[in-house]
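Heads up: the sequence shown runs through residues 1 to 375, numbered per our numbering.
Below is one structure, written out as structure tokens; the observations come after it.
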Amino acid sequence: MPPPTTGRPRLRRRRTTRGGRRGGTGAASRFTRSRPSRRRRQGLDWARRIELGSVLLASLAAVGGLWYSNLQTRQANEQARQERLLIKEGQITDRYTAAVENLGDANRDVRLGGIYALQRIMQDSHRDQPTIANVLATYVRSHASKRPPMGEDVPADVDAALTVLATRESDYDAAFMLDLTGVQLPRFSLVLTPRTYFSKPGDRETGEPASAAFNDANLCGAVLTSADLTDADLSGSHLCETNLGGALLTGADLRGAVLDATTLRSADLVEADLGLATMRGADLRHARLDGARLDDTTMTNVDLRHAHLDDVNLRYSSMTDVDLRDADLDGLDLTGATLQDIDFRGADLTQVKLTANQLDGARIDADTKLPPHLS
Numbered sequence: 001m002p003p004p005t006t007g008r009p010r011l012r013r014r015r016t017t018r019g020g021r022r023g024g025t026g027a028a029s030r031f032t033r034s035r036p037s038r039r040r041r042q043g044l045d046w047a048r049r050i051e052l053g054s055v056l057l058a059s060l061a062a063v064g065g066l067w068y069s070n071l072q073t074r075q076a077n078e079q080a081r082q083e084r085l086l087i088k089e090g091q092i093t094d095r096y097t098a099a100v101e102n103l104g105d106a107n108r109d110v111r112l113g114g115i116y117a118l119q120r121i122m123q124d125s126h127r128d129q130p131t132i133a134n135v136l137a138t139y140v141r142s143h144a145s146k147r148p149p150m151g152e153d154v155p156a157d158v159d160a161a162l163t164v165l166a167t168r169e170s171d172y173d174a175a176f177m178l179d180l181t182g183v184q185l186p187r188f189s190l191v192l193t194p195r196t197y198f199s200k201p202g203d204r205e206t207g208e209p210a211s212a213a214f215n216d217a218n219l220c221g222a223v224l225t226s227a228d229l230t231d232a233d234l235s236g237s238h239l240c241e242t243n244l245g246g247a248l249l250t251g252a253d254l255r256g257a258v259l260d261a262t263t264l265r266s267a268d269l270v271e272a273d274l275g276l277a278t279m280r281g282a283d284l285r286h287a288r289l290d291g292a293r294l295d296d297t298t299m300t301n302v303d304l305r306h307a308h309l310d311d312v313n314l315r316y317s318s319m320t321d322v323d324l325r326d327a328d329l330d331g332l333d334l335t336g337a338t339l340q341d342i343d344f345r346g347a348d349l350t351q352v353k354l355t356a357n358q359l360d361g362a363r364i365d366a367d368t369k370l371p372p373h374l375s
């Protein structure tokens, strides 16, 4: 028999498991508390997205506005440029018309004004240069078709037109061929000053002396006796039956020129370049060619009697029926040249570079002095 209990009754403790109500109540409480927090974060995310979208739309709108504004500005500038171009072309047309009208005036001073006005137009509008050059060449041919009276120089208006033609920038009319056929220009003197180049404001640089631009010109039948064409560019020009007797052609560029029946008697061709030139029936008696280059030239029936050919380069040239009687030939270089029927009578060949084969068929006499290795 169990012993009787005394005092307060003992209470039995209720055991709970780890996964019991207490645990379940805590998880539910935490879940209940987290739901408002997630909602707040989701609300903030959407607000940020809306804000970023607004900024992006505003940026795109700004960029679009700038692009449209730039497009409008470019279109306006292009339209203004086209309008300025049309105005300028209209002004050039008016100036050209007035200048050409002045060329037909009876007053020489008015004609001079027209010539210089055309020069200015040529400088302002390079695309009109071939047309203006052709107008001036026609003017020269029509006003210099007759020989000036004895003792008189070339008329001032013709001289001015020639100077404009000679000093033009020929790069702007490469397809244009200057036609001065049959012009009568005795004692014509072309005074050229050095061209001045301005690379930037305040910077001045003077280049090499300007040269007369008569390259590829047709001067057949022209009379240029005693003309001053020092350093002139006559490369590729046609000088058939041109009279250049007594002309100054010092340092002139005659490369590739055609000199058929050309008169160069007593002309000064010192240090001129006649490389690849063609001479048929040319008269160079008493001409001075000291230091000139005539390499690869073709010479047929050329008269060089009493000419000065000191230190002349005739390397690899072709010479047929050339008369060199009594010519001064000190230092003449005939290396590789083809000689046929050359007249060396009375010539001093002691300082000439040539071979025995080159002398075959040549005409020599007792007065001809041969080089030491051929004596």
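Backbone N, C-alpha and C define an ideal beta-carbon position, used for all residues, glycine too.
Remember, it's a predicted structure, so these values are computed and weren't measured experimentally.
**Asked** How big is the Cα-Cα spacing for Ser-237 and Asn-77?
**Response** 46 Å
**Request:** Assign Ser-266 to one of three DSSP states: helix, strand, or coil.
**Result:** coil
**Message:** Quick check: what's the CA-CA separation for Val-111 versus Leu-289?
**Reply:** Going by the sequence as given, residue 111 is Arg instead of Val. The straight-line gap from Cα to Cα measures roughly 39 Å.
**Asked** If you drop the 5 nearest sequence neighbours on each side, which residues of the same chain put their C-beta closer than 6 Å to that of Ser-318?
**Response** Thr-298, Thr-338
**Request:** Output yes or no for whether 8 Å exceeds the beta carbon distance between Val-164 and Leu-136.
**Result:** Yes, they are a contact pair.
**Prompt:** Less than 8 Å separating the beta-carbons of Gly-114 and Val-100?
**Reply:** Yes, these two residues count as a Cβ contact at 8 Å.
**Prompt:** Using the C-alpha atoms, what's the distance from Pro-149 back to Ala-106?
**Reply:** 20 Å
**Item:** Contact under 8 Å by Cβ, Cys-240 with Asp-253
**Value:** With respect to the 8 Å criterion, Cys-240 and Asp-253 are not classified as neighbours on the basis of their beta carbons.
**Message:** Using the three-state DSSP reduction, which class does Met-177 fall into: helix, strand or coil?
**Reply:** coil
**DSSP-derived helix/strand/coil call for Lys-88** = helix
**Prompt:** So what does DSSP say about His-306, is it helix, strand or coil?
**Reply:** coil
**Request:** Would you list the one or two residues that DSSP bridges to Lys-369?
**Result:** When DSSP reads this structure, Lys-369 sits in a beta bridge with Asp-348.
**Asked** Hey, would you say Glu-271 sits closer than 8 Å to Ala-257, going by beta carbons?
**Response** no
**Prompt:** Looking only at DSSP bridge pairs, what is His-238 linked to?
**Reply:** Asn-218, Val-258
**Asked** For Asn-357, is the classification buried or exposed, using 16 other Cβ atoms within 10 angstroms of its Cβ as the cut-off for buried?
**Response** exposed
**Request:** Check whether the Cβ atoms of Leu-349 and Pro-371 lie closer than 8 Å to each other.
**Result:** yes
**Asked** What separation, rounded to the nearest whole angstrom, lies between the Cα atoms of Asp-328 and Glu-169?
**Response** The straight-line gap from Cα to Cα measures roughly 39 Å.
**Request:** Going by DSSP, name the residue or residues bridged to Asn-313.
**Result:** Arg-293, Asp-333
**Under the three-state DSSP convention, the category Asp-124 falls into** = helix
**Request:** Under 8 Å Cβ to Cβ from Ala-144, same chain only, skipping five residues before and after it: list those, please.
**Result:** Val-154, Pro-155, Val-158, Val-183, Gln-184, Leu-185
**Message:** Classify Asn-70: buried if its beta carbon has 16 or more other beta carbons within 10 angstroms, exposed otherwise.
**Reply:** Exposed, by the Cβ-count rule.
**Request:** Identify which residue in Gln-340, Ser-189, Ala-232 has its Cα closest to the Cα of Asp-216.
**Result:** Ala-232
**Prompt:** Who are Val-223's beta bridge partners in DSSP?
**Reply:** Under DSSP, the beta-bridge partners assigned to Val-223 are Gln-184, Asn-243.
**Request:** Determine the contact status of Leu-178 and Ala-133, defining contact as a CB-CB distance below 8 Å.
**Result:** Closer than 8 Å, so yes.
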